[in-house]
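Shown next, in structure tokens, is the structure this report addresses.
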Amino acid sequence: MSLELLLLCILAALLELDTTYAFQLTLSRGIIAGPIFSLLTGDYAAGVQIGLFTELLFADVNPLGAILPPSAVVCCAIAIALHALGIQLCYAFIVAVLGALFFVQAERHVRKQRVRLLTFWENRIQQNPDSISRVLFFELGACFLVNFIIISLFVGISGAFMLWLQPLIPQKAFYACQFSFMAVPWIGLASLIPEFRLKTR
Amino acid sequence: MKFTEQLKFFIRSFFLQAGWNYQKYQNLGLFFIMWPFVKKLYRNDQDAIPSVVIRYLSTFNTQPVIASFCFGALAKQEEYIAKAKNLTEFNEETLEWNSIKQGLSITTASIGDRLFWGTLKPLTLLLGLFIWLLLGVHVFELQTEEVVPLIYAFAGGGAAFLAFNTIAFFVKWEGLKISYETPASACFGLTKFDWNRTIYNAKKIGLTLTVGLILIGIYYYLRDFQQMLDVHFITRAVLVLFFVCISFLTHRLRIPNIYLYLVSVILFNIFCYL
Numbered sequence: 009m010s011l012e013l014l015l016l017c018i019l020a021a022l023l024e025l026d027t028t029y030a031f032q033l034t035l036s037r038g039i040i041a042g043p044i045f046s047l048l049t050g051d052y053a054a055g056v057q058i059g060l061f062t063e064l065l066f067a068d069v070n071p072l073g074a075i076l077p078p079s080a081v082v083c084c085a086i087a088i089a090l091h092a093l094g095i096q097l098c099y100a101f102i103v104a105v106l107g108a109l110f111f112v113q114a115e116r117h118v119r120k121q122r123v124r125l126l127t128f129w130e131n132r133i134q135q136n137p138d139s140i141s142r143v144l145f146f147e148l149g150a151c152f153l154v155n156f157i158i159i160s161l162f163v164g165i166s167g168a169f170m171l172w173l174q175p176l177i178p179q180k181a182f183y184a185c186q187f188s189f190m191a192v193p194w195i196g197l198a199s200l201i202p203e204f205r206l207k208t209r
Numbered sequence: 070m071k072f073t074e075q076l077k078f079f080i081r082s083f084f085l086q087a088g089w090n091y092q093k094y095q096n097l098g099l100f101f102i103m104w105p106f107v108k109k110l111y112r113n114d115q116d117a118i119p120s121v122v123i124r125y126l127s128t129f130n131t132q133p134v135i136a137s138f139c140f141g142a143l144a145k146q147e148e149y150i151a152k153a154k155n156l157t158e159f160n161e162e163t164l165e166w167n168s169i170k171q172g173l174s175i176t177t178a179s180i181g182d183r184l185f186w187g188t189l190k191p192l193t194l195l196l197g198l199f200i201w202l203l204l205g206v207h208v209f210e211l212q213t214e215e216v217v218p219l220i221y222a223f224a225g226g227g228a229a230f231l232a233f234n235t236i237a238f239f240v241k242w243e244g245l246k247i248s249y250e251t252p253a254s255a256c257f258g259l260t261k262f263d264w265n266r267t268i269y270n271a272k273k274i275g276l277t278l279t280v281g282l283i284l285i286g287i288y289y290y291l292r293d294f295q296q297m298l299d300v301h302f303i304t305r306a307v308l309v310l311f312f313v314c315i316s317f318l319t320h321r322l323r324i325p326n327i328y329l330y331l332v333s334v335i336l337f338n339i340f341c342y343l
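Residue numbers (my numbering), protein chains in the order written: chain A, 9 to 209; chain B, 70 to 343.
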């Protein structure tokens with residue numbers, strides 16, 4: 009993995025914290041994360057396109073309550089990283105969407121495991137309430153590390169696999185993937201209409 | 070509330086979800102936000118701290134932006150608990166504190182989810198899209214060979230970021246002050262804003278912008294085609310209409326867009342080989 013891809017994975021792991029754990033400044037949205045990642049690869053057009061398509065595709069799932077939506081940051085990071093490796097954008101996006109779905113499952117598993125630590129943290133805080141800052145710092149650090157490992161592993165494995173697979177993909181399948189890629193903004197925009205439906209005044 | 074105290078609450082509120090867990094949700098985050106205030110309040114009564122810590126470590130869950138209303142109201146109620154003259158008063162104020170925590174967190178979650186995630190987020194997405202279109206960045210069918218200047222690449226997302234966070238920061242900052250100063254009888258200042266009307270108007274704008282964008286998108290998508298009966302024109306028109314219609318259907322069936330996209334990849338591959 010090159011230095012720029014390693015930096016991209018670190019940045020993605022950091023931005024992923026913004027989704028739930030810290031800040032919620034919406035830096036983890038596709039339209040913001042996409043162009044930020046493209047700063048590392050230099051392909052701003054791909055950054056804008058991937059970011060926007062990701063945001064539109066994920067627009068219908070919101071983090072309400074304990075709902076865990078697919079990660080836009082992970083999707084953008086994987087797509088832009090694979091494109092930087094020389095994978096066509098339409099293929100990279102399919103892999104990235106699958107990666108975002110995989111990340112949700114991994115994240116759900118990690119969250120379930122964190123419940124086991126809760127009693128330990130609570131006891132520690134009750135003994136010394138000032139330790140809350142250290143507890144949260146540790147939690148954020150652990151989340152960052154888990155995010156980084158998952159993202160970099162996925163980028164590494166899927167990148168190598170796609171580089172092997174891409175020359176073998178027939179032209180017809182390429183057109184099919186291009187067509188579905190072109191449909192993404194329309195799927196997203198159409199789903200925004202019911203999202204804005206007026207129920208009450 | 071003093072400015073420095075409010076600033077402390079404000080900065081710490083960005084870490085409300087840092088210890089998010091499936092059992093008690095934002096309990097660790099709530100304690101982190103309230104701890105400096107509680108510590109100062111009970112500096113002459115160290116024996117009270119363990120019971121206060123247990124109270125704050127109980128279940129708490131709300132929308133992170135509008136949660137500031139809870140912090141202000143809980144801080145005010147904590148002052149009443151600290152000032153309780155006897156055990157009966159203490160128990161009454163503690164009971165009130167618990168009901169504020171429970172009731173206000175549900176109310177703010179309901180308003181916040183509808184306003185920030187359900188309305189403002191998609192609305193700012195449309196704002197970003199419009200800005201990119203105005204700058205001539207062809208977002209509907211971008212050729213990756215096309216050179217997009219750095220400032221253009223960040224214009225749409227930057228505008229969405231600023232628009233969302235200006236409102237979010239305002240609600241966070243003002244929510245702290247208002248909820249601290251307003252009594253429970255006035256819903257801790259929540260009624261100072263007409264949330265329903267704001268959401269309704271924002272949704273109205275959003276709906277208009279979405280329809281406008283679909284029309285602009287269709288224009289951008291099809292303008293290059295000179296002959297209306299060109300086979301590519303028809304394919305594209307059918308594609309657009311198909312996905313607009315199917316999106317309505319899948320939304321009704323509560324199937325996320327992401328699965329519609331993955332199904333379309335499989336379907337197009339099958340069609341290509343037929």
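Every residue, glycine too, gets a C-beta built ideally from N, C-alpha and C. Predicted, not measured: the structure shown is a model, and the values here were computed from it.
query, result
"Under 8 Å Cβ-Cβ, which residues of chain B neighbour residue 133(A)?", "97, 100, 122, 126"
"Strictly under 8 Å for the Cβ-Cβ distance: is residue 52(A) near chain B by that measure?", "yes"
"Start and end of the alpha helix (DSSP H) containing residue 221(A)?", "With chain A covering only 9 through 209, there is no way to say anything about residue 221(A)."
"Hey, how far is the Cα of residue 20(B) from the Cα of residue 334(B)?", "Past the boundaries of the shown model lies residue 20(B); chain B is included only from 70 to 343, so the question cannot be answered."
"What number of angstroms, rounded off, separates the C-alpha of residue 117(A) from the C-alpha of residue 128(A)?", "19 Å"
"Buried or exposed: which applies to residue 20(A), given that a residue is buried once 16 or more other Cβ atoms fall within 10 Å of its Cβ?", "buried"
"I want to verify the contact list: residues of chain B whose CB lies under 9 Å from the CB of residue 66(A), in sequence order.", "325, 326, 327"
"Only counting the same chain, and skipping five residues up and downstream in sequence, which positions put a Cβ closer than 6 Å to that of residue 106(B)?", "144"
"Report buried or exposed for residue 203(B), applying the criterion of at least 16 other Cβ atoms within 10 angstroms of its Cβ.", "exposed"
"Can you check whether the C-beta of residue 59(A) is within less than 8 Å of a C-beta belonging to chain B?", "yes"
"Determine the DSSP secondary structure at residue 337(B), reduced to helix, strand or coil.", "helix"
"Determine the DSSP secondary structure at residue 74(B), reduced to helix, strand or coil.", "helix"
"For residue 206(B), which residues of its own chain have a beta-carbon under 7 Å away from its beta-carbon, when the five flanking residues on both sides are left out?", "217, 221"
"If you check the beta carbons only, do residue 137(A) and residue 150(B) fall under 8 Å apart?", "no"
"Please decide whether residue 166(A) counts as near chain B, where near means a Cβ-Cβ distance under 8 Å.", "no"
"Are any of the Cβ atoms in chain A nearer than 8 Å to that of residue 258(B)?", "no"
"Taking only beta-carbon atoms, is residue 91(B) less than 8 Å away from chain A?", "yes"
"How close, in whole Å, do the beta carbons of residue 16(A) and residue 114(A) come, if the pair is a contact with beta carbons under 8 Å?", "With a Cβ gap of about 19 Å, residue 16(A) and residue 114(A) do not count as contacting."
"Please determine, among 264(B), 286(B), 262(B), the residue with the shortest C-alpha to C-alpha distance to residue 197(A).", "286(B)"
"Which same chain residues end up closer than 6 Å to residue 91(A) when comparing Cβ atoms and leaving out the 5 residues on each side of it in sequence?", "54, 97, 100"
"Quick check on residue 122(B): buried or exposed, where buried means 16 or more other Cβ atoms within 10 Å of its Cβ?", "buried"
"What residue from 278(B), 115(B), 252(B) has the CA that sits closest to residue 200(A)'s CA?", "278(B)"
"Provide the residue(s) that pair with residue 94(B) in DSSP beta bridges, ordered along the chain.", "90(B), 129(B)"
"List the residues of chain A whose Cβ lies closer than 7 Å to the Cβ of residue 313(B), in chain order.", "194, 198"
"Could you give the distance in angstroms between the alpha-carbon of residue 160(A) and the alpha-carbon of residue 36(A)?", "17 Å"
"Closest Cβ-Cβ distance between residue 32(A) and chain B: below 8 Å?", "yes"
"Please return the same chain residues whose Cβ sits closer than 7 Å to the Cβ of residue 197(B), not counting the five positions on each side in sequence.", "225, 226, 228, 229"
"Compare the C-beta of residue 183(A) against all C-beta atoms of chain B and say whether one is closer than 8 Å.", "yes"
"Going by DSSP in three states, residue 209(A) sits in which element: helix, strand or coil?", "At residue 209(A) the pLDDT is 47, less than 50, meaning the model places this residue with poor confidence; the figure from the coordinates comes in the next sentence. Residue state, collapsed to three classes: coil."
"Determine the direct distance from the alpha carbon of residue 100(B) to that of residue 109(B), and round the result to whole angstroms.", "14 Å"
"Distance cutoff 8 Å, beta carbons only. Does residue 89(A) sit that close to anything in chain B?", "no"
"Looking at C-beta atoms only, is the number of pairs between the segment 75-93 of chain B and the segment 129-139 of chain B that lie closer than 8 Å three or more?", "yes"
"Mind listing the chain B neighbours of residue 36(A)? Cutoff is C-beta to C-beta under 7 Å, in chain order.", "Simply none; closest approach about 11 Å."
"Between the C-alpha atoms of residue 66(A) and residue 105(A), what's the straight-line distance to the nearest angstrom?", "10 Å"
"Using DSSP with H/G/I as helix, E/B as strand and the rest coil, what is residue 160(B)?", "helix"
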